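Only one structure is covered here, and it is reproduced in the block below.
There are 2 protein chains.
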Amino acid sequence: MSESVRVAAPDLPDVSGLVIGVLGGTGEQGRGLAWRWARAGQQVVVGSRAPDRAVLAAAELGLGVRGMDNAACARESDVVVVAVPWTGHGALLTDLHGDLAGRIVVDCVNPLGFDKQGAFALDVAEGSAAEQAAALLPQSRVVGAFHHVSAVLLLDPDVERVDTDVLVVGDDREATDIVQALAGRIAGMRGVYGGRLRNARQVEALTANLISINRRYRAHAGLRVTDI
Amino acid sequence: MSESVRVAAPDLPDVSGLVIGVLGGTGEQGRGLAWRWARAGQQVVVGSRAPDRAVLAAAELGLGVRGMDNAACARESDVVVVAVPWTGHGALLTDLHGDLAGRIVVDCVNPLGFDKQGAFALDVAEGSAAEQAAALLPQSRVVGAFHHVSAVLLLDPDVERVDTDVLVVGDDREATDIVQALAGRIAGMRGVYGGRLRNARQVEALTANLISINRRYRAHAGLRVTDI
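So the sequence lines, in the order shown, correspond to chains A and B. All residue numbers for the first sequence refer to the numbering used here, where the first residue is 28 and numbers rise by one. All residue numbers for the second sequence refer to the numbering used here, where the first residue is 28 and numbers rise by one.
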């Protein structure tokens, strides 16, 4: 790690013993994150509405990853990453709110629409996907993170390091510290505190800009925060 | 310049002959940008509501910078940067819409509110400051850029390079190319196309997150886009 990476993460907790669940763990983003954490030695559970699909995805990922239905995945985990499409976001969290009680819930969902001109941010009544999660899950500790991470890079076995910063937004300092530390478990990544939950919307929406950048420059763009 | 910087800017136009006007050129952000461009050899005009204040600011900046009232500044310039507080944004552009006709107008205004918990994004009826500018200035070519640049760094004579990428949003390719090239005239900066004007809101609002980052890490944070 470079000097700048170490400066930003002097006091983050040891998260190596935490179990990470990934709801939507059969999707590209979910599988990509699950695989990277499993490679780093983390215990990972992937969840799906259909448990047989979760078991299959887990077997393909290997590295001790387990698969089960979303509710069991939530109960089994200390930290639960929500990596489902925006269309199913509210309904899923409503269903699982009891299973997610007491967990750190990491929302990485981007409410985006697409048309001929590309991607654009959708309006969300609660302000953002992360704030919707917080409203639906009063017994969980909701954090927003991993919005900008390219699933293509995560899943590419030739990519040793996913060189990007992960903006972590939330109002619970202990929870954001843990999620920053979990980002730092993935080679190349660094978790950077990015502000309170009320400022989640623009982090989610910025994914539309990154999609435009990827199109213009034929890239898998990520972000680095300078001077920290 | 590093390899990655050159890859992103192969075909940008030569902008060294353009006159840059800065409305709000007596404020910190405006003076900082004016000074950096003047140092790079660009012709710069700073505008203010009060022409005597503009003349004074120009004299302090030196390097051939001229000062005049905002309307004259707009007419004198090829590219006009709007660096005024959000509260005066709409009224100023309404007043100057004739003077700004035919110009590239670069909006770098961040509609933010502040309270005890820090900064947060304000709702804008048109979606963003840049889209408000576009609505008020149908005869101008509106681009959003320079939202995240630290005025402190811009104005610090000990800072040789302002190492940051500038996200340039807009619907007019020629205009965004010119603004990207103008960003590239400032040592350390790179202009990166960041999507269409409808995706300006989150670029402006992200300034709230950078303010949170600056507070947490005691930094002057900027952004770099990776993989381009």
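No residue lacks a Cβ here, since even glycine has one placed at the ideal position from N, Cα and C. Remember, predicted model here, so these are calculated numbers, not experimental data.
When CB distances to chain B are screened at a threshold of 9 Å, the residues of the segment 129-159 of chain A falling below it are Q144, G145, A146, F147 and A148, in chain order. Every alpha helix (DSSP H) of 4 residues or more that sits fully in the segment 104-153 of chain A is shown, in chain order, as 113-123. The DSSP-derived three-state label of A:R102 is helix. For A:H247, the residues of chain B that pass the 9 Å Cβ criterion are T253 and D254, in the order they occur in the chain. The alpha carbon of A:V111 has as its nearest neighbour, out of A:Y244, A:G221, A:V252 and A:A156, the alpha carbon of A:A156. In the three-state reduction of the DSSP assignment, B:S239 falls in the helix class. Non-local beta-carbon contacts of A:Q207 in its own chain, meaning distances under 6 Å to residues more than five positions away in sequence, involve L39, V195 and G218 in chain order.
Its chain contains G48, L50, G74, V107, L123, D126, L127 and R130 as the residues whose beta carbon lies nearer than 8 Å to that of A:A101, once the 5 sequence neighbours on both sides are disregarded; these appear in chain order. At a cut-off of 8 Å between C-beta atoms, A:A208 does not count as an interface residue with respect to chain B. Three or more beta-carbon pairs drawn from the segment 133-151 of chain A and the segment 163-171 of chain A are found closer than 8 Å, and the two stretches are therefore classed as touching. For B:D190, the chain A residues whose Cβ falls inside 7 Å of its Cβ are T253, in order along the chain. Scanning B:V179, B:D150 and B:A118 for the CA closest to the CA of B:W62 turns up B:V179. Following the DSSP letters along the chain, one finds B:T203 inside the alpha helix (DSSP H) bounded by residues R200 to G211. B:V46 carries a strand assignment under DSSP once its states are collapsed to helix, strand and coil. Measuring C-alpha to C-alpha distances from B:R93 to each of B:L139, B:Q70 and B:L237 identifies B:Q70 as the nearest. Residue contact check for A:V195 against chain B: no CB pair falls below 8 Å.
Taking a C-beta distance under 8 Å as the contact criterion, A:L139 and A:W113 qualify as a contact pair.
Only V219, Y220, G221, G222 and R223 from the segment 211-223 of chain A bring a Cβ to less than 7 Å from some Cβ of chain B. Around the C-beta of B:D192, 16 or more other C-beta atoms lie within 10 Å, and the residue is accordingly described as buried. Ranked by Cα distance from A:R76, the first of A:G115, A:D105, A:A86 and A:L60 is A:G115.
Contact between the segment 79-88 of chain B and the segment 139-152 of chain B is not established, with fewer than three Cβ pairs separated by less than 8 Å. In the three-state reduction of the DSSP assignment, A:G218 falls in the strand class, which pools E and B. For B:R80, the enclosing alpha helix (DSSP H) starts and ends at P78 to L88. In the DSSP assignment, B:T53 is bridged to no other residue. Under the three-state reduction of DSSP output, A:Q166 falls in the coil class, being neither helix nor strand. By alpha-carbon distance to B:A248, the top candidate from B:G222, B:I240 and B:D254 is B:I240. A:Y244 and B:G52 have their C-alpha atoms spaced approximately 33 Å apart.
For the segment 229-243 of chain B, the set of positions with a beta-carbon nearer than 7 Å to some beta-carbon of chain A reads Q229, V230, A232, L233, A235, N236, S239, I240 and R243 in chain order.
In the DSSP assignment, A:L250 falls within the beta strand (DSSP E) that extends over G249 to T253. One Cα belongs to A:E55, the other to A:L182, and the distance between them is close to 8 Å. The CB of A:L250 comes closer than 8 Å to the CB of L250, R251, V252 and T253 in chain B, given here in chain order. Chain A has a Cβ within less than 8 Å of the Cβ of B:R225. With a cutoff of 8 Å on beta-carbon distance, B:I255 and A:A246 are scored as near each other. Per DSSP, the continuous beta strand (DSSP E) segment holding A:V73 begins and ends at Q70 to S75.
DSSP places B:R223 outside both helix and strand once states are collapsed to three, so it counts as coil. When DSSP states are grouped into helix, strand and coil, A:R66 belongs to the helix group.
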